[in-house]
């Protein structure tokens with residue numbers, strides 16, 4: 002994929018924690034300040050935030066892809082890999098994709 006054919010997308014993956022081990026719960030409780038929603042940003046590495054009750058989470062990614070479907074697949078794959086690697090059980094994943102260039106097009110139209 003060339004840089005000219007790719008667009009930048011903001012991908013948000015949301016879900017619910019499920020069947021967390023005691024170790025995972027302790028980790029999440031101890032690391033909560035590092036994963037506050039106010040620290041969240043769209044980055045290539047992704048940012049991980051969750052609610053204080055440790056029930057729901059979101060991951061935010063900035064993805065360069067040829068289209069929204071490819072960005073969605075990449076974001077979901079990255080999120081699932083992260084959750085599995087960390088040993089966090091989950092379900093009810095949803096993925097939202099926004100084309101960043103469309104945001105700027107909208108700004109230009111409103112001027």
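In the working numbering, the protein residues as written are 2 to 112. We put the beta carbon where it would ideally sit given N, CA and C, even for glycine. What you are looking at is a predicted structure, and each value in this text was computed from that prediction instead of being measured.
Of the candidates 92, 97, 100 and 103, the residue whose Cα lies closest to the Cα of residue 20 is 92. Cβ contact annotation for residue 6 (same chain, cutoff 8 Å, sequence separation greater than five): 67, in chain order. Per DSSP, the continuous beta strand (DSSP E) segment holding residue 18 begins and ends at 8 to 18. Note on geometry: alpha-carbon atoms of residue 102 and residue 23 lie some 43 Å from one another. For the set 50, 52, 40 and 60, the Cα lying nearest the Cα of residue 97 is the one of 60. The alpha carbon of residue 18 has as its nearest neighbour, out of 79, 63, 53 and 75, the alpha carbon of 53.
Here residue 82 is exposed, its C-beta having fewer than 16 other C-beta atoms within 10 Å. Here residue 57 has 15, 16, 17, 18 and 51 as same chain residues with Cβ atoms under 8 Å from its own Cβ, once five neighbours each way along the sequence are excluded. As summarised for the segment 68 to 100, the continuous alpha helix (DSSP H) elements at least 4 residues long and confined to that stretch are 69 to 87, given in chain order. Nearest to residue 13 by C-alpha distance, out of 26, 36, 28 and 73, is 73.
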